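Here the structure comes first, spelled out in structure tokens, and everything after it is commentary.
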Amino acid sequence: MSSGKQRPSILDKSLSRGKSEVSLTAYALLFSEMVQYSHNRVTSVNELHNKLSELGQSVGVRMVELLFVRDRNYKRETKLLNILLFVKGTLWKSLFGKEADKLDRATDDERIYYLIEKEPLVNRFISVPRDKSSINCAAFIAGIIEAVLNSTGFPAKVTALWHKGTTFMIKFDDAVLTRDKQLEGR
Amino acid sequence: MSRQSMRSNDPKKVSGELFTLTYGSLVAQLLKDYENVDDVNRQLERMGYNIGMRLIEDFLARANPGRCYDLRDTADKIQQAFKLYLGVSPSIGSWSPGGDEFSVVLETNPLAEFVELPDHCLSLRYSNILAGVIRGACEMVQLEIMAWFIADQLRGDNVTEIRVKFVKRLEDAIPAGED
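And the structure:
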């Protein structure tokens, strides 16, 4: 019935203002289905983390486009610190309605930064079985962060750890640090 | 100065965009895993069914809707649930003459924002999870129904329409050895 019709292109629609909200229950249940689905298809904790991170990455890539177009007047960040502050502030606010709790730099390795979130949204309803205490569903959010950094030109690896709540360990490629130093010099 | 959208910081709510994109990544993952669109439709329905079974508890506790005496009551409650959980108000209509079928019509579909169906996925029922949710929730209140999509904005229709058909009332099974 509808296959012959000309479908309107998504680009014909105006960009949403980002004010829509859905119930937390709806989100929690959807996320838990996703975790279960992923869980059924993997054999180890590591694989589960990777699966969730992959799911998060497809969210992250789209958030970059959305936020830089809507909130940042099409201007991307080039400095390392600024992109981290973007993740901690703008990104976190539009996803979770608040800023992330803390941003830290590792003392022994200049490539590593820590983003600390005491109680990530996705972990609020997940009870981790005792014998698998290393599982952290915030791997999904780690995937979001990783995709945001990668698609803005700051290749990094992001892992979620249990530490002061949940900590996202962000490890940048050497090239990023080198470039950042060059930018400093100007 | 970034134009931050001022969302009401209600702890019981999450950003609609996070929800939309999360759902989108799930559908994309299913398409990768199954390769066959019909299987994806089925899997989404099954996941929705699981969600519906749990969602009904929350709905009964929160909205205190009382009992449904006929299908019209049920339709009203479904409408109410859409409002509560997805923040949209569907309209109910197209009753069959027998009063055992109706349509839930969505002007806007919160799941389908930012979504465009590629040409090889035209038979994908993108929001099929909703049909599953309705079925799962009704089953927990002893209504067996069928729910399926008959129109979808993603496929060029004007509205998104879910058809709900009453099948039968489920009776409490008597535990074995108690009769």
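Those sequence lines, one after another, are chains A and B.
Residues in the first sequence are numbered from 1 upward in steps of one, following our numbering.
Residues in the second sequence are numbered from 1 upward in steps of one, following our numbering.
All residues carry an ideal CB built from backbone N, CA and C; glycine is no exception.
Please read these numbers as outputs of a predicted model, since none were measured by experiment.
With a threshold of 7 angstroms on Cβ separation, who are the neighbours of residue i within its own chain once the five nearest residues in sequence on each side are excluded?
i: Val37(B); result: Cys121, Ser123, Leu124
i: Ala151(B); result: Asp157, Val159, Thr160, Glu161
i: Asp109(A); result: none
i: Ala63(B); result: Gln80, Leu84
i: His163(A); result: none
i: Lys165(B); result: Asp100, Glu101, Ile145, Met146
Counting only Cβ pairs nearer than 8 angstroms, list the residues of chain A close to residue i.
i: Pro110(B); result: Ser20, Val22
i: Met47(B); result: Glu33, Tyr37
Does the separation of the CB atoms of residue i and residue j fall below 8 angstroms?
i: Tyr114(A); j: Thr167(A); result: yes
i: Gly143(A); j: Gln57(A); result: yes
i: Val148(A); j: Gly60(A); result: yes
i: Val35(A); j: Pro110(B); result: no
i: Leu80(A); j: Leu103(A); result: no
i: Glu101(B); j: Arg169(B); result: no
i: Leu55(B); j: Leu44(B); result: no
i: Ser94(A); j: Glu17(B); result: yes
i: Val53(A); j: Phe140(A); result: Inspection of the sequence shows that residue 53(A) is occupied by Ser rather than by Val. It is a contact, given that the beta carbons lie within the stated cut-off.
Could you give the first and the last residue of the continuous alpha helix (DSSP H) run that contains residue i?
i: Val61(A); result: 45 to 70
i: Ala28(A); result: 24 to 40
i: Asp174(A); result: 174 to 185
i: Glu17(B); result: 16 to 34
i: Glu57(B); result: 37 to 63
i: Ser151(A); result: 139 to 151
i: Phe166(B); result: Counting along the chain, Phe166(B) falls outside any alpha helix (DSSP H), though it belongs to the beta strand (DSSP E) covering 160 to 169.
i: Ala185(B); result: An answer regarding residue 185(B) cannot be provided, because it is not within the stretch 1 to 179 covered by chain B.
i: Phe96(A); result: 92 to 96
i: Leu106(B); result: That residue, Leu106(B), is in no alpha helix (DSSP H); its beta strand (DSSP E) goes 101 to 106.
i: Leu86(B); result: 71 to 86
Ends of the beta strand (DSSP E) at residue i?
i: Tyr114(A); result: 112 to 117
i: Ile92(B); result: 91 to 93
i: Ile135(A); result: Element bounds for Ile135(A): n/a, residue is neither H nor E.
i: Ala160(A); result: 156 to 162
i: Lys102(A); result: 102 to 105
i: Trp147(B); result: At residue 147(B) the sequence reads Ala, which differs from the Trp that was named. 143 to 151 is the extent of the beta strand (DSSP E) around Ala147(B).
i: Phe86(A); result: Element bounds for Phe86(A): not the beta strand (DSSP E) but the alpha helix (DSSP H), 80 to 86.
Comparing C-alpha positions only, which one of the options sits nearest to residue i?
i: Val40(B); options: Arg169(B), Ile150(B), Ile129(B); result: Ile129(B)
i: Asp70(B); options: Ala61(B), Arg155(B), Cys138(B); result: Cys138(B)
i: Phe82(B); options: Ala26(A), Val176(A), Leu161(A); result: Ala26(A)
i: Asp58(B); options: Val141(B), Trp148(B), Ala173(B); result: Val141(B)
i: Gln153(B); options: Leu106(B), Ser25(B), Ala28(B), Arg42(B); result: Leu106(B)
i: Arg124(A); options: Leu29(A), Ser20(A), Glu99(A); result: Leu29(A)
Quick one: residues in its chain with C-beta nearer than 6 angstroms to the C-beta of residue i, no 5 flanking neighbours on either side, listed in chain order?
i: Phe86(A); result: Glu77
i: Ile51(B); result: Val133
i: Thr74(B); result: Cys68
i: Gly136(B); result: Tyr49, Gly52, Met53
i: Val158(A); result: Ala142, Ile145, Glu146, Phe168, Ile170
i: Pro65(B); result: Lys77
Mind pulling the chain B residues with CB within less than 7 angstroms of residue i?
i: Leu29(A); result: Ile51, Arg54, Leu55
i: Arg76(A); result: Simply none; closest approach about 13 angstroms.
i: Arg62(A); result: Leu21, Phe114
Starting from residue i, find everything on chain A with Cβ-Cβ shorter than 9 angstroms and list it in chain order.
i: Val14(B); result: Glu21, Val22, Ser23, Leu24, Ala26, Tyr27, Ala28, Leu95, Phe96, Gly97, Leu121
i: Tyr69(B); result: Near Tyr69(B) there are no residues of chain A at all, since even the closest Cβ is about 26 angstroms away, more than 9 angstroms.
i: Asp172(B); result: The premise fails here: Asp172(B) is roughly 26 angstroms from chain A at the closest Cβ pair, so nothing lies under 9 angstroms.
Report the neighbours of residue i on chain B: residues whose CB is nearer than 8 angstroms to its CB, in chain order.
i: Leu55(A); result: Thr22, Ser25, Leu26, Gln29
i: Val59(A); result: Leu18, Leu21, Thr22, Gly24, Ser25
Cutting at 8 angstroms between CB atoms, please list the residues of its own chain near residue i, excluding the five before and the five after it.
i: Pro155(A); result: Leu149, Phe172, Asp173, Ala175, Val176
i: Arg46(B); result: Gly132
i: Arg105(A); result: Ile112, Tyr113, Tyr114
i: Leu161(A); result: Asn136, Thr167, Phe168, Met169
i: Arg41(A); result: Lys51
i: Gly4(A); result: Per-residue confidence for Gly4(A) stands at a pLDDT of 47, beneath the threshold of 50, marking its modelled position as unreliable; no derived number is given.
Listing by chain order, which chain E residues have their CB less than 8 angstroms from the CB of residue i?
i: Tyr85(B); result: The chain inventory of the structure shown lacks chain E, comprising the protein chains A and B.
At 7 angstroms on the CB atoms, spell out the chain A contacts of residue i, in chain order.
i: Asp58(B); result: Thr25
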